[in-house]
Each structure stands twice: as structure tokens, then as C-alpha cells.
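**Q**
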Amino acid sequence: MSRSERDKKEIRRIEAAMANAEYERALARARLALIAPTVDDVTAAYFDSQVEKVLLEARQNGEKSDQELMSTLLDAVARKYFAMGLCDRAHEQSSDRDHEHSPDDSPPHSAPTRR
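Residue numbers (the numbering used here): 225 to 339.
1) Is the CB-CB distance between Val278 and Ala300 below 8 Å?
2) Given a threshold of 16 other Cβ atoms within 10 Å of its Cβ, counted over all protein chains shown, does Tyr270 qualify as buried or as exposed?
3) Considering only residues of the same chain and omitting the five flanking positions on each side of Thr296, which have a CB-CB separation below 7 Å?
4) Within a Cβ cutoff of 7 Å, which residues of the same chain sit near Leu258, ignoring the five residues on either side of it in sequence?
5) Give the DSSP-derived three-state secondary structure of Asn285 in the structure shown.
6) Which word fits Lys304, buried or exposed, when buried means at least 16 other C-beta atoms lie within 10 angstroms of its C-beta?
7) In terms of residues, what are the limits of the alpha helix (DSSP H) holding Met294?
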């Protein structure tokens, strides 16, 4: 086998691996879209205010390092985000939609929904 044939074979192998990686990423994005709630503009604004609130509380509790603040923030946002998604899913399954929430339970107009 000549050098150019080996090079072409190697190029085809690399291209196949790259195509497979792209397919796997697309498949992962599709799976995530099916299970993870999406965030609209109103919900994003709500999370912005929640971030400010959590950071203020964390600083008041003496968390000073950037890592501590980030860890506290990510934990609080993740908990609220997925709780809202679960709450939204429960409301979709429920025929009774007259439940009221406190201002901290959900954003002003909507909650994350699945696309």
C-alpha cells in the first residue's frame, strides 16, 4: 500500500470518528431537550433576582471565597430550577390548576416548560 493510500485511509478513519462524535453530541442534546425544562425570558429574569438573593445570603453567612459562593449559588439555582420543572410537570398532569404560590415559589408569569 502506498503512502497516499494510507493517508487517504487514515483521513477516512478520522472523518468517520468525527462524524460519530457529532452524532453522539446531537443525540445527547436531543435527550437533554426531552428531559430538561427550558427557560423563557421571564423565568431568566426571575433567576437573576434569585441569584442576587442567594449571593447576599451567602455573603451574610460568611462565605467569602469565590468557590464557596459559586458552589452555594449553583446549588440553590439548580434546586429551584428543577423544583420548578417538577412543579410544572405536576401541574400539567393535574386537572386542578387553582393552586397559588408564594412569590419565591415561581417566577411572575411562567415556569420552565419542556420543549
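Beta carbons: idealized from backbone N, C-alpha and C, even for Gly. All values derive from a computational prediction rather than experimental measurement.
**A** Walking through what the data contain:
1) Contact annotation: Val278 and Ala300 have beta-carbon atoms nearer than 8 Å.
2) Using a 10 angstroms sphere on the CB of Tyr270, the tally of other CB atoms reaches 16 or more, which defines it as buried.
3) Around Thr296: Val278, Ala282 and Glu287.
4) Shown here for Leu258: not one same chain residue has a beta carbon closer than 7 Å to its own, the five before and five after excluded.
5) DSSP places Asn285 in coil when its eight states are reduced to three.
6) Buried, by the Cβ-count rule.
7) Residues Asp290 to Gln317.
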